[in-house]
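Engineer: Numbering (our numbering), first residue to last: 80 to 165. Where is the CB? At the ideal position from N, CA and C, for every residue including glycine. Please read these numbers as outputs of a predicted model, since none were measured by experiment. First the structure, then my questions, so here it is.
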């Protein structure tokens with residue numbers, strides 16, 4: 080797959096983790112896509128029992144969709160993607 084910067088998209092994937100048992104697998108998936116990740120921030124919201132993760136990514140559309148889908152299919156995890164117009 081050609082991942083030249085001109086064919087890449089910039090996106091933000093928002094992840095809500097309600098099942099902490101999925102945390103290890105989330106980290107494994109993010110590691111697999113590490114070459115595309117610009118940065119990530121995790122916020123444990125202990126009083127509500129959830130964690131919020133934001134992932135900034137610069138990758139081909141298919142890679143972004145695959146990452147978001149893989150994370151979103153985990154038990155107790157939801158993921159939504161917002162794309163830049165750049």
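1. Which residue marks the beginning of the beta strand (DSSP E) containing residue 104, and which one marks its end?
2. Near residue 124, what residues of its chain come up, given a Cβ to Cβ distance below 7 Å and the 5 sequence neighbours on each side ignored?
3. In three-state terms, what does DSSP make of residue 80?
4. To the nearest angstrom, how far is the alpha carbon of residue 148 from that of residue 127?
5. Here's the rule I'm using: 16 or more other beta-carbon atoms within 10 Å means buried, otherwise exposed. How should residue 101 be labelled?
Structural biologist: Answer, in terms of the structure:
1. Position 25 of the chain shown, counted from the first residue, corresponds to residue 104. Careful: residue 104 lies outside any beta strand (DSSP E), inside the alpha helix (DSSP H) at 102-111.
2. The residue you call residue 124 lines up with position 45 of the chain shown. Only 130 and 131 meet the Cβ criterion.
3. For this step, residue 80 is matched to residue 1 along the chain shown. With a pLDDT of 45 at residue 80, under the threshold of 50, the modelled position of that residue is not reliable, and the figure given next carries that caveat. If DSSP states are grouped into helix, strand and coil, residue 80 belongs with coil.
4. By one-based count along the chain shown, residue 148 stands at place 69. By one-based count along the chain shown, residue 127 stands at place 48. Looking at the two C-alpha atoms, the distance is approximately 24 Å.
5. As a first step, residue 101 is located in the chain shown; it is residue number 22 there, counting from the start. Buried, because 16 or more other Cβ atoms sit within 10 Å of the Cβ of residue 101.
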